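S.K.: Using this note's numbering, read the sequence shown as starting at 103 and increasing by one per residue. Every residue, glycine too, gets a C-beta built ideally from N, C-alpha and C. What you are looking at is a predicted structure, and each value in this text was computed from that prediction instead of being measured.
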Amino acid sequence: MREPSHWRTCITGYAAQETAALIHNTTDWDQRGYTWFSTWKPTYRRGDKVVLFDLTLRAVHVVSIKDTTKTPSRTPDGCYFAAYRQIRGIPRRHLVPRRWKALKAAGLLRRQNDANLSRKLLQNRFNLFVEVLKKQ
């Protein structure tokens with residue numbers, strides 16, 4: 103079994119109704135209680151760990167990829183999607199000015215716009231994100 107990869111990525115908007123309907127009809131993610139996002143390319147694999155900046159909810163949390171899919175037809179949100187669940191023990195945090203400052207002070211982001219960039223992370227960098235998010 104391969105070691106999970108570690109990532110930083112973001113959600114910048116909500117999926118179109120057409121996309122949500124297609125995901126609902128082609129996966130069992132709703133029944134499993136998974137949340138999902140568009141990946142635009144087949145980046146993630148089951149078991150990967152992701153620092154997910156959800157800019158629609160102004161929050162950041164650490165999640166585990168549970169499944170991925172390619173839809174049978176292209177949607178307004180692309181055709182590659184990943185389902186996830188939040189990792190227990192690592193709280194979801196609101197993106198308030200204090201949190202942005204803590205992420206910058208730890209050297210994890212240079213500016214807020216860096217959260218918009220998807221990147222593969224080294225495990226020690228991922229662990230530092232987790233450490234910062236666990237702090238109040």
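Is the beta carbon of Trp-142 less than 8 Å from the beta carbon of Tyr-186?
M.R.: Not in contact: Trp-142 and Tyr-186 (Cβ atoms no closer than 8 Å).
S.K.: Shortest alpha-carbon distance to Arg-104 belongs to which of Thr-129, Lys-151, Thr-121, Lys-236?
M.R.: The residue with the shortest Cα to Cα distance from Arg-104 is Lys-151.
S.K.: Using a threshold of 8 Å, state whether the C-beta atoms of Trp-131 and Arg-221 are closer than that.
M.R.: Cβ atoms of Trp-131 and Arg-221: not closer than 8 Å.
S.K.: Across which residues does DSSP place Tyr-116 in a beta bridge pair?
M.R.: None; Tyr-116 has no bridge partner.
S.K.: Suppose the cutoff is 8 Å on Cβ atoms and the five residues either side in sequence are ignored; what does the same chain contact list for Tyr-146 look like?
M.R.: Closer than 8 Å at the Cβ level, and outside the excluded window around Tyr-146, lie Ser-107, Trp-109, Val-152, Ile-167, Thr-170, Ala-184.
S.K.: Alpha carbon to alpha carbon, how far is Gln-225 from Ile-192? Give it in angstroms, no decimals.
M.R.: Roughly 16 Å between the two C-alpha positions.
S.K.: Counting only the same chain and skipping the five closest in sequence on each side, list residues whose C-beta sits under 8 Å from that of Arg-284.
M.R.: The displayed coordinates of the chain run from 103 to 238. Any statement about residue 284 would go beyond what the structure contains.
S.K.: Based on Cα-Cα distance, which residue from Ile-125, Gly-115, Ile-113 lies nearest to Cys-243?
M.R.: Here the chain comprises residues numbered 103 to 238, so residue 243 is not present and cannot be evaluated.
S.K.: Less than 6 Å between C-beta atoms, sequence neighbours within five positions excluded: which residues of the same chain meet that for Arg-190?
M.R.: Same-chain partners within the cutoff: there are none.
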